[in-house]
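Q: Got a structure for you, questions after.
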Amino acid sequence: MASSKTLRLRTPIVIASGPGGFGEYLNVDSIDWSYVGAYTLKTITLHPKVGNKPPRIYATDIFMINRIGLENPGFVGLKKILDSGELDVLLSKVPAILSLGGDSFEEYVEITRLVKPYLDKFLAIEYNFSCPNVHHGGLSIMSDREEWRKLLKAIRKETDAFIIAKLGIESGFVEEMAKIVALEGWNGVTVINTIRGLIINSEGQVLLGGLSGPALYPIALRAVYEVRKVLPDIFIIASGGIYTAQQAKEMLQFGANAVSIGSALFQNEYVINKIGKEIVEFLKSEEKQ
Amino acid sequence: MASSKTLRLRTPIVIASGPGGFGEYLNVDSIDWSYVGAYTLKTITLHPKVGNKPPRIYATDIFMINRIGLENPGFVGLKKILDSGELDVLLSKVPAILSLGGDSFEEYVEITRLVKPYLDKFLAIEYNFSCPNVHHGGLSIMSDREEWRKLLKAIRKETDAFIIAKLGIESGFVEEMAKIVALEGWNGVTVINTIRGLIINSEGQVLLGGLSGPALYPIALRAVYEVRKVLPDIFIIASGGIYTAQQAKEMLQFGANAVSIGSALFQNEYVINKIGKEIVEFLKSEEKQ
Amino acid sequence: MANFSAELKKQTKYKAFLLTKRIVEEITQNTYLITFEEDFDFLPGQFCMVSVGDAGLTRKPYTLGRLNKRELAISVKIAGKGSEYIVKTNEKLNVLAPLGNPFIPESNNGAVIVAPSCLAEGIHLSERFDIPLIVASKTELNEKFVKKFKMRVFVGNDEYLNLLSELNHSAFDWIFVSGSRVMEELAVKNMPNKVVYVSLNEYMACGIGACKGCAVETVHGIKHVCTDGPVFRGDNIWQVQRHSD
Amino acid sequence: MANFSAELKKQTKYKAFLLTKRIVEEITQNTYLITFEEDFDFLPGQFCMVSVGDAGLTRKPYTLGRLNKRELAISVKIAGKGSEYIVKTNEKLNVLAPLGNPFIPESNNGAVIVAPSCLAEGIHLSERFDIPLIVASKTELNEKFVKKFKMRVFVGNDEYLNLLSELNHSAFDWIFVSGSRVMEELAVKNMPNKVVYVSLNEYMACGIGACKGCAVETVHGIKHVCTDGPVFRGDNIWQVQRHSD
Ligand SMILES: Cc1cc2nc3c(=O)[nH]c(=O)nc-3n(C[C@H](O)[C@H](O)[C@H](O)COP(=O)(O)OP(=O)(O)OC[C@H]3O[C@@H](n4cnc5c(N)ncnc54)[C@H](O)[C@@H]3O)c2cc1C
Ligand SMILES: Cc1cc2nc3c(=O)[nH]c(=O)nc-3n(C[C@H](O)[C@H](O)[C@H](O)COP(=O)(O)OP(=O)(O)OC[C@H]3O[C@@H](n4cnc5c(N)ncnc54)[C@H](O)[C@@H]3O)c2cc1C
Ligand SMILES: Cc1cc2nc3c(=O)[nH]c(=O)nc-3n(C[C@H](O)[C@H](O)[C@H](O)COP(=O)(O)O)c2cc1C
Ligand SMILES: Cc1cc2nc3c(=O)[nH]c(=O)nc-3n(C[C@H](O)[C@H](O)[C@H](O)COP(=O)(O)O)c2cc1C
Ligand code: FES
Ligand code: FES
Numbered sequence: 001m002a003s004s005k006t007l008r009l010r011t012p013i014v015i016a017s018g019p020g021g022f023g024e025y026l027n028v029d030s031i032d033w034s035y036v037g038a039y040t041l042k043t044i045t046l047h048p049k050v051g052n053k054p055p056r057i058y059a060t061d062i063f064m065i066n067r068i069g070l071e072n073p074g075f076v077g078l079k080k081i082l083d084s085g086e087l088d089v090l091l092s093k094v095p096a097i098l099s100l101g102g103d104s105f106e107e108y109v110e111i112t113r114l115v116k117p118y119l120d121k122f123l124a125i126e127y128n129f130s131c132p133n134v135h136h137g138g139l140s141i142m143s144d145r146e147e148w149r150k151l152l153k154a155i156r157k158e159t160d161a162f163i164i165a166k167l168g169i170e171s172g173f174v175e176e177m178a179k180i181v182a183l184e185g186w187n188g189v190t191v192i193n194t195i196r197g198l199i200i201n202s203e204g205q206v207l208l209g210g211l212s213g214p215a216l217y218p219i220a221l222r223a224v225y226e227v228r229k230v231l232p233d234i235f236i237i238a239s240g241g242i243y244t245a246q247q248a249k250e251m252l253q254f255g256a257n258a259v260s261i262g263s264a265l266f267q268n269e270y271v272i273n274k275i276g277k278e279i280v281e282f283l284k285s286e287e288k289q
Numbered sequence: 001m002a003s004s005k006t007l008r009l010r011t012p013i014v015i016a017s018g019p020g021g022f023g024e025y026l027n028v029d030s031i032d033w034s035y036v037g038a039y040t041l042k043t044i045t046l047h048p049k050v051g052n053k054p055p056r057i058y059a060t061d062i063f064m065i066n067r068i069g070l071e072n073p074g075f076v077g078l079k080k081i082l083d084s085g086e087l088d089v090l091l092s093k094v095p096a097i098l099s100l101g102g103d104s105f106e107e108y109v110e111i112t113r114l115v116k117p118y119l120d121k122f123l124a125i126e127y128n129f130s131c132p133n134v135h136h137g138g139l140s141i142m143s144d145r146e147e148w149r150k151l152l153k154a155i156r157k158e159t160d161a162f163i164i165a166k167l168g169i170e171s172g173f174v175e176e177m178a179k180i181v182a183l184e185g186w187n188g189v190t191v192i193n194t195i196r197g198l199i200i201n202s203e204g205q206v207l208l209g210g211l212s213g214p215a216l217y218p219i220a221l222r223a224v225y226e227v228r229k230v231l232p233d234i235f236i237i238a239s240g241g242i243y244t245a246q247q248a249k250e251m252l253q254f255g256a257n258a259v260s261i262g263s264a265l266f267q268n269e270y271v272i273n274k275i276g277k278e279i280v281e282f283l284k285s286e287e288k289q
Numbered sequence: 001m002a003n004f005s006a007e008l009k010k011q012t013k014y015k016a017f018l019l020t021k022r023i024v025e026e027i028t029q030n031t032y033l034i035t036f037e038e039d040f041d042f043l044p045g046q047f048c049m050v051s052v053g054d055a056g057l058t059r060k061p062y063t064l065g066r067l068n069k070r071e072l073a074i075s076v077k078i079a080g081k082g083s084e085y086i087v088k089t090n091e092k093l094n095v096l097a098p099l100g101n102p103f104i105p106e107s108n109n110g111a112v113i114v115a116p117s118c119l120a121e122g123i124h125l126s127e128r129f130d131i132p133l134i135v136a137s138k139t140e141l142n143e144k145f146v147k148k149f150k151m152r153v154f155v156g157n158d159e160y161l162n163l164l165s166e167l168n169h170s171a172f173d174w175i176f177v178s179g180s181r182v183m184e185e186l187a188v189k190n191m192p193n194k195v196v197y198v199s200l201n202e203y204m205a206c207g208i209g210a211c212k213g214c215a216v217e218t219v220h221g222i223k224h225v226c227t228d229g230p231v232f233r234g235d236n237i238w239q240v241q242r243h244s245d
Numbered sequence: 001m002a003n004f005s006a007e008l009k010k011q012t013k014y015k016a017f018l019l020t021k022r023i024v025e026e027i028t029q030n031t032y033l034i035t036f037e038e039d040f041d042f043l044p045g046q047f048c049m050v051s052v053g054d055a056g057l058t059r060k061p062y063t064l065g066r067l068n069k070r071e072l073a074i075s076v077k078i079a080g081k082g083s084e085y086i087v088k089t090n091e092k093l094n095v096l097a098p099l100g101n102p103f104i105p106e107s108n109n110g111a112v113i114v115a116p117s118c119l120a121e122g123i124h125l126s127e128r129f130d131i132p133l134i135v136a137s138k139t140e141l142n143e144k145f146v147k148k149f150k151m152r153v154f155v156g157n158d159e160y161l162n163l164l165s166e167l168n169h170s171a172f173d174w175i176f177v178s179g180s181r182v183m184e185e186l187a188v189k190n191m192p193n194k195v196v197y198v199s200l201n202e203y204m205a206c207g208i209g210a211c212k213g214c215a216v217e218t219v220h221g222i223k224h225v226c227t228d229g230p231v232f233r234g235d236n237i238w239q240v241q242r243h244s245d
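Given below as C-alpha cells:
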C-alpha cells in the first residue's frame, strides 16, 4: 500500500506548521534558507476558518499557549495563491510541505482530492490530526480510533504522495498511534503537536490552548525514541521545544529524520541559522567518520 | 454501583503518592500537618518491587524526570507495617490515602482483596493506572481500553471504599478516561500523573522516565478543567507542578476538590506550610462571603 | 479572508538591526526613554520586535519613535522580565523592524495623546505632523521631559477624562491615542465627535503576520494587529454612540 | 526489601536550620569553603540538603564538616546554578540536617582522602579521628589552606595514582575517600589491600528516604545513598580483585 516515495531533504531542518505561517519568514532578511530542508505551511482546511476569538496567545518563561484555531484561507485561498504564482517566491528559495487538516472524515478526504493537481509543488503532505484548538476534527477525529484508521486508509488510497501524520500524545500512546499510521501505509509521522494546556493571562483571561516551547522538549524527545523503537523505517519529524543545535542533534540521535523549528522562531528567527550551521557541520563530520 | 461514601478532607491539600514516600516527611520538623488533608502513600503493588537500576532521577530548571520503577515492599511489606503499628505515628498526625498499583488485571484485584481488613485506617484508595516507569501494568493496563474498563468494574465490585483512579494524559483524552471511571461507579480521579519524558544527565546517561514539576502545571490545570466540564460530581485531586498557593487556588477554582503536592516537596518541604496557610485562609474568606 | 492574498503582497522586507543604547532616561516611575546610536527608516505608527534573549520566549513589540526628527528611540515601561531586560542590558539590542502599517493622517489638524510608555512615538508624531503632544500619566513625569519637549501633561484619571471632554469639543479633526487598552477605550468612548485612532497592544509572537496570534475583534471581523494595524480607527474596535448634533 | 521496616525505625528527626555565612574562601578554582555562625550536632559522614530557592528544583546535598573541632562548614564546588547560588548568595542558607548515617570507623588507624569539594568533611574526619588528611586535586590549592590545616596535597591524576599505590602498601587499616565517583572507584580498585570507604554522590531529590531516587547498585542489591549511606565500603560498590599475598 505504501508509496515507494522517499523524502530527501537538503538539510534535516524544517519549519513547523503554524509558527511559520504561509512563508512570512522569507521576508526577514538574514535567514539563510539553504539551512532549511522544508518549510511546512500553516494547516489548510477545506473551508476557510477565521480562527478563535482573541486573546489567542500567551507565554511564560518556559512555555507558550496558543489558541489560534487554525485560522486559514481554506482550499480556495490556497488555490488562489498557488494559481497566481504567489507562492513561487517561497518555493524558489525553500522546498515546502503542505499541511492539511479538517473537521470531519469527508473534509480530509475531499481536500486531499482537491490538492492533487498541485502536489508537484510540494515535497510531502503533513496531515494535522492533533490540533487542540478546533472543536470538530483535530482532537475528536482521533477519539474514535476505528474511524481514524478508516480515514488513514481512505487518504492513502486517494494519494500516492509522501504522507506524514502529525500526532499528539493525548489520543493514545503515541507509539501505538504511529504503528497504526505505518500499518496503513503512510510514509511518516511528525511527533509531537502541542499538548492541551490552560493559562490565565495578565488580564485575567483564560486561554484554553496548545502548549508549545521549552517545556515540551523532553516529552517530544521521548516520543521520537518510542516511535523509532517500534518503527525502524518510518520517516520521523521531531517537533516540540527545539531551541538549540544540541537538542536538534539529540532528536536526530534518538531516531528523528528531521527536526522542526516552531516556537523558537518567536524568540529570534535567527535560530534557523544557528541550528542550521551547527547541524550541517555535525552531519558533515559524521559522514567523514 | 457507586458507594455512597464521600471524602471530607480537613484541608484540600494532599501529599502526592511517590514524592512523599511512606511518611518520611513526618520526620521533618516544622511541617504543620494540620494543613494537610491527606498523605497519599507511595504506590504498593502485590509483589515487592526493587525498582529500576540507577540513575533514577534528574532535574533541570523546569522539570524533573524520575524512573523509580515503583520500588515498594509489596503487600507483605505493607502488612508488616500496618500490623506492627509502625504506621500509626503517621496516621495519628495526618489522615492517609492508600495508593495501589499492579502489573496485571489479577494483581490489581488481588491486592484490593488483601487490603480490605485495613481499610478503616485509610480515607480512600487511589489506584495508580498511569505510572510510566513499569513495564507491565501502569501504561499498558490502559492500552486496552476494554480490559481496563473490566478492571475498573472488578475493583468496584470488590470494595465499597472511596476509590480514586489516577490518570495520565497519554492513554487517551483524559476527560474520556475520566468518564469511563465515573461510569464504572468510581468516586474520584487524580489528574494527572507524570508524562513520559527523556533526559540525558550530566554523565551522559539516558533517563527514560516520568516528567514532573513546573512544566506539568498548565497541562494538569487543563486536565482538571476538562474533567470537571464533563463530570460535575466526581471528586478531583489535581496533581502536576503545583508549587504555589496561587496555583493551588487556580486548581480549586477550575474544579479540583483537592490539590496534590509532589515534586515541590523536593525544592523545600516548607511549601506545605506556605500553601496550606494561604489556602486555609482563602477558604475561610470564601466561606464568609 | 478575502484579503489574504492582498496581505501576502503587502509584505515588505524586515531586517534585524543591532542597536546601541545612547541614553536611558526615566520618564516616570518604571518607564524609560531609550535612544540609539544607529538609525533606520520607518514611518509613524510602525513598531519593532525586540529580542530579549533568554528573558522571554518571544520578541517584544515596541512602537518606534524619533526625537528631534533624528534620534531613533523607543519608550519602555517595565512590565515584566522582557522589558526589564530591554531597559537594563548593556548589550546591543537586536531589533526586527520596521513592522506594521504606517499611520497616515487625513490632515495635519490633529493631536496625539500618549501614555508615558509610548512617549517616543508621541514625540515623533507631534514633531512630524506638527501637532500638539499630550501625555496622560498615572504618575508625575520627570521634569526634564516636560521641559525638553513641548507637551501638556495630565496626571490621573479625572484629569484624563476632563481632557477627553475638552478635546471632544475642540477643533481637531482627529486624535491619535496610544497607551493601554483601557485608556484607548476611554478615549474612543468619550470623544464621540472625533475620529480617534488607537494603537493596539495585542499579545504578539511573530510580529510579521505568520502566527495569527495578535488577532483582535473589529466591527469588520477579526483583524491582526501586526499586519492590519497596529493603528486602527477607534470606531472599528469599539461601538461608538455618535451624538446627533 | 527485608529491612524496609528496619529502615522506617531508623528514622530520626530532621530540622531545617537557617545558617549565616561567616567566611567564604576559595579552596581551588571554582571550589569554596563556607563556614557558618550557627551550629548543630551531627556526626562524621552525615550530610545536609541545602535549599537553593528558585535556582533549582531540589535541595542540594552537601557533606557536613567542622573546622578546628568547632566551626560548622561545608565545601562547595560550583557545578551549576544551585551550587553557584550557595556560594554567592548573601541570604541565610536554609539547610535540612543532619541526614544519612554517621561513619564509624573500626579503628583510629586510617587516613582520609578528599577532593577539594569535600575538604570540609576531610578536615572534620582528620581532626576528629586524629588521622592524616590528604587532598587530591586537579588544580593547585590556595596556599592558605595548605598552611592553615595539616594536609598533604596531590595534584593531577598521576600523583593520585602514585598516592593510592603508596597507601595500598601502608600500615593504615582503612582509607576513607570522598570526591567524584571516578576518584572513588580508582581508590577502591587501586588499594585492594585496604578497607576503603567511599562517600557516594547519587542524584538526590529528598535526602530523607522518601523518593527512592538515590538508588545505587551494590553487591547486595539496590541501596539508597541517603538512608543506607552516604558512606559505603568500596567493595560493596565495586568488585575488587583481592591480591593473594
Ligand atoms: C504593537 C505594540 C506596541 C507596543 N509598544 C510599546 C511601547 O512603545 N512601550 C511599551 O512600554 N510597551 C509597548 N507595548 C507593550 C510591550 O510590548 C509589553 O509591555 C512587553 O512585551 C512586556 O514584556 P515583558 O516580558 O516585560 O512582560 P511579561 O512579564 O511577559 O508581561 C507583562 C505584560 O506585557 C504584555 N506582553 C508580554 N509579552 C508581550 C508580547 N510579546 N506582545 C504583546 N504584549 C506582551 C503581557 O500581556 C502583560 O500584560 C507594545 C505592544 C504592542 C503589541
Ligand atoms: C551525599 C552527597 C554529598 C555531597 N557533598 C558535596 C560536597 O560536600 N561538596 C560539593 O561540592 N558537592 C557535593 N555533592 C555534590 C553536589 O550535591 C552537587 O554538585 C550539587 O547538587 C550541584 O547542584 P547544581 O545545581 O549546582 O548542579 P546542576 O547544574 O544541577 O548539576 C551539576 C552536577 O551536579 C549534580 N547534581 C545536581 N543536583 C544534584 C542533586 N540534587 N543531588 C546530587 N547531585 C546533583 C548533577 O548530577 C551534575 O553532575 C554531594 C552530593 C551528594 C549526593
Ligand atoms: C502559534 C502556533 C500555531 C500553530 N499552528 C499549527 C498548525 O496550524 N498546524 C499544525 O500542525 N501545528 C501547529 N502548531 C504546532 C507546531 O507546529 C508545533 O508542532 C508545536 O508548536 C510544538 O513545537 P514547538 O515547541 O517547536 O513550537 C502551532 C503552534 C503554534 C505555537
Ligand atoms: C520521585 C517520584 C515518584 C513518584 N512515584 C509515584 C507513585 O509511586 N505512584 C503514583 O501514583 N505517582 C507517583 N509519582 C507521581 C506524583 O504523584 C505526581 O502525580 C507527579 O509527580 C506530578 O506532580 P508533581 O509535579 O507535583 O510532582 C511520582 C513522582 C515522582 C517525582
Ligand atoms: S504577531 Fe504573529 S500574526 Fe501578528
Ligand atoms: S534522595 Fe530520596 S530516597 Fe534518597
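Residue numbers (full-length UniProt numbering), protein chains in the order written: chain X, 1 to 289; chain S, 1 to 289; chain W, 1 to 245; chain Z, 1 to 245.
For each residue, glycine too, the CB sits at the ideal point set by N, CA and C.
1) Under 7 angstroms: does the beta carbon of K212(W) sit that close to some heavy atom of ligand 7?
2) On the DSSP letters alone, give me the boundaries of the alpha helix (DSSP H) that I155(S) sits inside.
3) Can you tell me whether W33(X) is helix, strand or coil according to DSSP?
4) Is there a Cβ of chain S sitting closer than 8 angstroms to that of Y225(X), yes or no?
5) By the 8 angstroms beta-carbon criterion, what residues does the segment 72-88 of chain X contribute toward chain W?
6) With 7 angstroms as the C-beta to C-beta threshold (strictly closer), list the residues of the segment 50-75 of chain S near chain X in chain order.
7) Determine the direct distance from the alpha carbon of P102(Z) to that of M64(X), and round the result to whole angstroms.
8) Examine chain X for any beta-carbon lying closer than 8 angstroms to the beta-carbon of S83(W), and answer yes or no.
9) Please name the residue in P12(X), T45(X), K42(X) and N273(X) whose C-alpha comes closest to that of L252(X).
10) Look at the alpha carbon of F149(W) and the alpha carbon of F172(W), and state the distance between them as a whole number of angstroms.
11) Roughly how far, in whole angstroms, is the beta-carbon of P48(X) from the beta-carbon of N72(X), given that I think they are within contact range, below 8 angstroms?
12) For F22(X), go through chain S and note every residue whose CB falls closer than 8 angstroms to its CB, in chain order.
13) If you drop the 5 nearest sequence neighbours on each side, which residues of the same chain put their C-beta closer than 8 angstroms to that of Y270(S)?
14) If I measure Cβ to Cβ from F122(S) and keep anything under 7 angstroms in the same chain, skipping five residues before and after, which residues do I get?
15) Rounded to a whole number of angstroms, what is the C-alpha to C-alpha distance between K81(Z) and D54(Z)?
16) Which value, in whole angstroms, describes the spacing of the CA atoms of S17(S) and L90(S)?
17) From this set, N268(S), K157(S), I163(S) and A38(S), which residue's C-alpha is nearest L100(S)'s C-alpha?
18) Please report the distance separating the alpha-carbon of V146(W) from that of A258(X).
19) To be precise: take each residue of the segment 175-209 of chain X, compare its Cβ to all Cβ atoms of chain S, and keep it if any distance is under 8 angstroms. Which residues remain?
20) Can you tell which of E170(X), K277(X) and G20(X) has the C-alpha that lies nearest to the C-alpha of S34(X)?
21) Buried or exposed for K229(X), please, with buried defined as at least 16 other CB atoms from any protein chain shown within 10 angstroms of its CB.
A: In brief:
1) This structure lacks ligand 7; the ligands present are ligand 1, ligand 2, ligand 3, ligand 4, ligand 5 and ligand 6.
2) R145 to E158
3) helix
4) yes
5) P73, G74, G77, K80, I81, S84 and E86
6) I62, F63 and I65
7) 47 angstroms
8) no
9) When only C-alpha atoms are compared, the closest one is P12(X).
10) 21 angstroms
11) Right, the Cβ-Cβ distance comes to about 7 angstroms (below 8 angstroms), so this counts as a contact.
12) Going along chain S, no residue has its Cβ under 8 angstroms from F22(X), so there is no contact; the nearest lies around 28 angstroms.
13) S30 and I31
14) A96, I97 and L98
15) 10 angstroms
16) 15 angstroms
17) I163(S)
18) 56 angstroms
19) If the cut-off is 8 angstroms between Cβ atoms, the segment 175-209 of chain X has E176, I195, R196, G197, L198, I199, I200 and L208 near chain S.
20) K277(X)
21) Note on K229(X): under 16 other CB atoms within 10 angstroms of its CB, so exposed under the neighbour-count rule.
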